[in-house]
Amino acid sequence: MSTAHVPVMVDEVLELLEPHAGGCYLDATLGLAGHTRHIVERGGRVIGLDRDPEMLERAELQLGPLAASVKLVHARLSFMREVIGGAGIEAVDGVLMDLGVSSVHLDEPGRGFSFRDAARDAPLDMRMNRERGESAADLIERLEPDELARVLREGGAPAPRGVARALKTHVPLRSVGDLLDALDGVRMPRRRHHPATLVFQALRIAVNAEQDELDQGLSAAVDVLAPGGRLAVLSYHSGEDRRVKQFLRDEARGCVCPPGLPVCACGREPRLTLLGRGHGPGSAEVARNPRARSARLRGARRC
């Protein structure tokens, strides 16, 4: 069944991408195709990727007649090069990467991404593609305590050692409720959001290898852009945004030689020109859609 969907920072994304009639664009994280709809309405053609096959089905319903202008592909964003090559396209005019988890994943308790009361009995899964990989429950059970603490720390979870000990003490954890019960009594810093938020985020990032996907996807995005083509990236937590910011800066700088060298020895040329500084949504959008609050948009143009 089709549901209303409002994409995050849509006006700002369109301003960065500058979609035009006849242009070809890659939406590397299609979701419910909210941004893609606006690109198609401006005359662009879109190749839409999503690692979750269920999202592709929903996106097609959301697009309706506009789906004829969108090629839907079941693939991770790190496979952009292969998808573009397989479609017989040399390069695209723009790439959009809308990172993180879809609102659908959060709103539907059966996926294990949410810790709302309605989700307590849901399997502790967290896979964006339920056809492959190990679930969050399997990940927690497989990892040694020190390795689990590292995963939690890299994903931004508070008190990673304490959380890892608590989770390992309570294995097997099969449901969201099991995870929440295991977290009871763990002393974590007081924050404005629920203390489990960052634990769920860290586990989700690990289950879906999101950091590796992002690094590979950013590199692939630059490779598939035509000269003058534009890249727009929406991130939703500081760890993502730092990786995006550093990558764009490195690609805009070019030379990576040590500062002490009198002349460049690496011969590396800039591949990107930065388009402004990263910024978030306006207060009006946050009021309409609180989930947009943490969004950060960055853009660049292919040299």
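Taking this note's numbering, I'd label the letters of the sequence shown as residues 33 to 335.
Think of the CB as a built atom: it goes at the ideal place given N, C-alpha and C, for glycine as much as any other residue.
Does the beta-carbon of E242 have 16 or more other beta-carbons within 10 angstroms, so that it is buried, or is it exposed?
One-based indexing of the sequence shown puts residue 242 at position 210. By the C-beta density criterion, E242 is buried, having at least 16 other C-beta atoms within 10 angstroms.
Just grab the DSSP bridge partners of K200 for me.
To locate residue 200, count along the sequence shown from 1; it is residue 168. DSSP lists no partner for K200.
Report yes if the CB atom of R323 is closer than 8 Å to the CB atom of S146, and no otherwise.
Indexing the sequence shown from 1 puts residue 323 at position 291. Indexing the sequence shown from 1 puts residue 146 at position 114. No.
Within the segment 255–301, note down every full beta strand (DSSP E) run reaching 3 residues or more, in order along the chain.
If you keep only unbroken beta strand (DSSP E) runs of at least 3 residues inside the segment 255–301, you get 257–267.
Looking at the unbroken alpha helix (DSSP H) that takes in A214, where does it start and where does it end?
As a first step, residue 214 must be located in the sequence shown, where it is residue number 182. For A214, the uninterrupted alpha helix (DSSP H) segment begins and ends at 208–215.
Give me the Cβ distance between L304 and E272, rounded to the nearest whole Å; I'm assuming they're in contact under 8 Å.
Here residue 304 refers to the residue found at position 272 of the sequence shown. Here residue 272 refers to the residue found at position 240 of the sequence shown. The Cβ separation is near 18 Å, so there is no contact.
Touching or not, the segment 43–62 and the segment 261–277, by the rule of three or more beta carbon pairs under 8 Å?
Yes, the segment 43–62 is in contact with the segment 261–277.
Is it a yes or a no for the segment 157–166 touching the segment 65–84, going by three-plus beta-carbon pairs under 8 Å?
With the cut-off at 8 Å, the segment 157–166 and the segment 65–84 touch.
What number of angstroms, rounded off, separates the C-alpha of D178 from the C-alpha of S110?
Counted from its first residue, the sequence shown places residue 178 at position 146. Counted from its first residue, the sequence shown places residue 110 at position 78. Straight-line Cα distance between these residues: approximately 29 Å.
How many Å lie between A332 and F279 at the Cα?
Stepping through the sequence shown from its first residue, residue 332 is reached at position 300. Stepping through the sequence shown from its first residue, residue 279 is reached at position 247. One Cα belongs to A332, the other to F279, and the distance between them is close to 11 Å.
Nearest by alpha-carbon distance to V254: which of A319, G194, L88, L306 is it?
Position 222 of the sequence shown holds residue 254. Among A319, G194, L88, L306, the Cα nearest to that of V254 belongs to L306.
Under the DSSP definition of a beta bridge, which residues are partnered with L306?
Residue 306 sits at position 274 when you count from the first residue of the sequence shown. Answer is A332.
DSSP state of D82, grouped into three classes?
Looking up residue 82 in the sequence shown gives position 50. DSSP places D82 in the strand class (E or B) of the three-state scheme.
Using only CA atoms, which one of V38, C56, L211, T61 lies nearest to R74?
Translated into the one-based positions of the sequence shown, residue 74 becomes position 42. When only C-alpha atoms are compared, the closest one is C56.
Run through the segment 40–78 for me and flag every whole alpha helix (DSSP H) of 4 or more residues, listed as ranges in chain order.
Here the runs fully enclosed are 42–49, 66–73.
Hey, which unbroken runs of the alpha helix (DSSP H) at 4 residues or more fall wholly within the segment 103–137?
Taking only runs of at least 4 residues, the alpha helix (DSSP H) segments lying wholly in the segment 103–137 are 112–118.
Can you tell me the Cα-Cα spacing of A258 and R77, whole angstroms?
Locating residue 258 in the sequence shown gives position 226, where the first residue counts as 1. Locating residue 77 in the sequence shown gives position 45, where the first residue counts as 1. Going from the Cα of A258 to the Cα of R77 covers about 15 Å.
What number of angstroms, rounded off, separates the C-alpha of A189 from the C-alpha of A234?
Along the sequence shown, one-based indexing puts residue 189 at 157. Along the sequence shown, one-based indexing puts residue 234 at 202. Approximately 6 Å between the Cα atoms of the pair.
Please specify which runs of the beta strand (DSSP E), each continuous and at least 3 residues long, are wholly inside the segment 216–240, giving them in chain order.
DSSP runs (the beta strand (DSSP E)) wholly in the segment 216–240: none.
Residues that DSSP places opposite P155 in a beta bridge
By one-based count along the sequence shown, residue 155 stands at place 123. According to DSSP, which records beta bridges pairwise, P155 is partnered with S207.
Could you check where the alpha helix (DSSP H) with V183 kicks off and where it finishes?
Taking the first residue of the sequence shown as 1, we reach residue 183 at position 151. Residues 177–186.
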